[in-house]
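Report on the following structure.
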Amino acid sequence: MSLLTTIKSLSEKYSQQVVEVRRHIHANPELSYEEFNTVKFVDQQLRSFGMEPTKVATTGLLVEVKGKNPTRKVIALRADMDALPIFETNNVTYKSKNPGVMHACGHDVHTSSLLGTAKILNEVKDQFEGTVRFLFQPGEEKNPGGASYMIRDGALENPKPSGIIGQHVFPLLPVGKIGFREGMYMASADEIYLKVIGKGGHGAAPDLCIDPIVIASHIIIALQQIISRNANPRQPTVLTFGNISGQGATNIIPDEVNIAGTFRAMNEAWRELGLQKIKKMAESMAEGMGGKCEVEISKGYPYLENNPELTRRIKAAAADYVGQENVVDIDITLSAEDFAYYSQLIPASFYRLGTRNEAKGITSYVHTPTFDIDEDALKIGPGLMAWMAVTELSI
């Protein structure tokens with residue numbers, strides 16, 4: 000029996016276990032950097048496979064499967080474990096037991112799938128050369144990103160892996176399909192907080208006030224010109240403000256207005272320049288209108304670059320595993336991922352696992368209270384990543 004056939008057989012054999020693990024994690028979600036029970040559960044699972052994980056980044060784990068000649072080459076595989084502050088509205092047996100916390104981005108899928116991959120590779124370790132390092136990572140959903148802490152704690156050292164592979168659910172892609180993108184794939188993401196300070200008073204006497212509502216409205220509109228008149232039109236970039244709070248009333252001009260938004264780019268030089276322009280314009284406009292603007296920028300993740308050579312190789316491995324007809328090219332996205340930190344240091348590739356099934360009514364996008372997956376994807380995900388890893392080690 001070929002190694003590919005063996006891995007496929009094991010992935011099918013353990014698929015129900017992987018589903019049960021996914022449902023347990025889904026029902027017991029924990030927020031970023033609070034994954035204490037989740038990491039304990041993952042640790043127990045790995046030890047039940049005969050593996051010995053090491054805790055890193057407080058709520059993260061590292062573990063390795065060493066094949067024959069383990070120093071020949073190292074490849075890293077990554078899953079994230081945190082959930083989102085969302086109230087789940089799905090009517091399923093594995094619905095979140097923690098009100099207001101939900102695995103609405105599929106990290107339960109990523110973790111359970113990588114556990115399945117670890118179990119498979121541990122059983123076939125005498126059939127490949129090299130080492131596979133597994134990264135179970137906290138805090139992908141919250142700055143500064145758990146990947147930065149994993150890197151800080153040596154996840155990419157001793158020795159440095161030749162590359163890293165990450166998998167993410169994709170509700171726009173039917174179950175059974177796998178999506179790839181070479182080169183630029185996901186955007187950087189920085190949080191922008193503006194406090195516009197004026198002088199409050201009676202709404203009928205604006206001449207006695209410095210109206211921060213008016214100043215804030217001018218700033219919001221003007222900042223869009225940074226995108227339309229400063230960004231290269233061939234360079235994807237977005238500036239969105241999703242929250243504004245004035246706390247006044249129909250006849251009350253408040254003292255201050257708070258605005259929050261996100262700035263996204265796919266070029267690090269433009270990212271830095273754009274942030275400088277946002278700060279300078281907001282401050283100078285407020286000053287010119289008699290007020291003041293305090294600008295706070297929370298630096299987020301860099302843009303994600305999929306190494307072309309690594310991506311081509313794992314794409315070919317995926318075609319071997321699921322058939323060429325089930326491998327598709329996907330477009331860039333302005334969403335962000337802290338997997339990007341890894342891509343800045345070593346060759347990296349982040350691919351998408353199809354989870355959509357319209358016939359079953361599974362169509363909701365990530366970060367929504369009705370997000371779910373067709374669990375048939377878990378028959379594919381663990382074995383697919385295992386095959387990618389051993390294929391990469393063989394090169």
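If you count the sequence shown from 1, position 99 lands on 98 in numbering that gives the first Met the number 0, and the numbers rise without skipping.
C-beta: ideal position from N, C-alpha, C; glycine also.
Item: Measuring only the C-alpha atoms, how far is Tyr192 from Ala215?; Value: 12 Å
Item: Quick check on DSSP: helix, strand or coil for Ser31?; Value: coil
Item: Using only alpha-carbon positions, find the residue among Asn356, Met387, Val64 and Ala221 that is nearest to Phe240.; Value: Ala221
Item: What did DSSP end up calling Asp254 once you bin it into helix, strand or coil?; Value: coil
Item: Since His167 is in the beta strand (DSSP E), which residue starts that stretch and which ends it?; Value: Gly162 to Pro173
Item: Would you say Ala186 and Ala335 are within 8 Å of each other, going by their C-beta atoms?; Value: yes
Item: For Arg233, which of helix, strand or coil comes out of DSSP?; Value: coil
Item: Can you name, in chain order, every residue of its own chain whose Cβ lies under 6 Å from the Cβ of Asn266, other than the five neighbours on each side?; Value: Gln234
Item: Would you list the residues sitting across from Tyr320 in a DSSP beta bridge?; Value: Looking at the DSSP assignment, Tyr320 forms no beta bridge with any residue, so it has no partner.
Item: Give the secondary structure of Glu140 by DSSP, where H, G and I count as helix, E and B as strand, and everything else as coil.; Value: coil
Item: For Val131 and Thr88, what's the separation of their Cα atoms in angstroms?; Value: 38 Å
Item: Taking DSSP as the reference, what is the three-state secondary structure of Phe40?; Value: helix
Item: Is Val91 buried or exposed, if buried means 16 or more other CB atoms sit within 10 Å of its CB?; Value: exposed
Item: How would you call Gly49, buried or exposed, if buried means at least 16 neighbouring beta carbons within 10 angstroms?; Value: exposed
Item: Closest to Glu391 by C-alpha separation, out of Pro346, Asp375, Ala376 and Asp373, would be which residue?; Value: Pro346
Item: Three Cβ pairs or more, each shorter than 8 Å: is that satisfied between the region 321-332 and the region 143-150?; Value: no
Item: Lys314: which of Pro69, Thr58, Leu333 and Ser348 sits nearest, CA to CA?; Value: Ser348
Item: Below 8 Å on the Cβ atoms is my contact criterion, and I expect Met101 with Ala78 to pass it. Report the Cβ-Cβ distance as a whole number of Å.; Value: At roughly 18 Å, the Cβ-Cβ gap does not stay under 8 Å, so Met101 and Ala78 are not in contact.
Item: At what residues does the beta strand (DSSP E) containing Lys291 begin and finish?; Value: Lys291 to Tyr300
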